[in-house]
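See below for the structure under consideration.
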Amino acid sequence: YHASVTSDCLFCRIVAGEIPATIVRETETTLAFRDINPKAPVHVLVIPKEHHADVATLGRDDPALAGQVLATAAEVAEAEGLVTDGFRLMFNTGPYGGQEVFHVHAHLLGGAPLGPMLA
Ligand code: 5GP
Ligand code: ZN
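The structure is reproduced here in structure tokens:
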């Protein structure tokens, strides 16, 4: 993919090891690391290593990779002990969705009751 993306995109730089992150799981195609500003006791971001801007483009261009992001999220949920009580997995997308980093990432949130989705 695009060489320029790696230097311009925060999460590509985390994949490249240029910016430190607390990595909790890594596969050949995905990376999971703790959110720097956690909104719940467990707040992990799960990304494809390859740059895709958002979940709409990822789902359209590489649905298999989208599935690998979900599989990694499920593995982290299990490893973090979230499965019994439950958790939230979400993709903020575009301006109305509140997306701030345009390298697709799933937010995995859990460890306490999360309340209504939009609160
Ligand atoms: P968005 O609003 O794009 O869905 O979420 C971006 C998330 O990335 C936010 O929850 C924010 O705290 C997190 N974030 C921003 N910069 C960094 C960083 O440098 N490292 C880590 N680990 N998370 C970050
Ligand atoms: Zn990127």
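Its first residue numbered 9, the sequence shown is counted upward by one per residue in full-length UniProt numbering.
Glycine included, each C-beta is placed from N, C-alpha and C at the ideal position.
If you look at I31, you'll find it in the beta strand (DSSP E) that goes 31-34. Using a Cβ-Cβ distance cut-off of 8 Å, the region 16-24 and the region 66-76 are not in contact, since fewer than three pairs of beta carbons, one from each stretch, lie closer than that value.
In this structure, H115 lies near H51, with their beta-carbon atoms less than 8 Å apart. Per DSSP, G118 lies in no alpha helix (DSSP H) segment; the continuous beta strand (DSSP E) that holds it begins and ends at 114-118. Taken through DSSP and simplified to helix, strand or coil, P56 comes out as strand. In the three-state reduction of the DSSP assignment, T38 falls in the strand class, which pools E and B.
Sequence-distant Cβ neighbours of E83 in its own chain, meaning closer than 7 Å and more than five residues away, are R33. Fewer than three Cβ pairs drawn from the region 97-111 and the region 31-49 lie within less than 8 Å of each other, which leaves the two stretches out of contact. Distance from the CA atom of S15 to the CA atom of H59, rounded to whole angstroms, is 11 Å.
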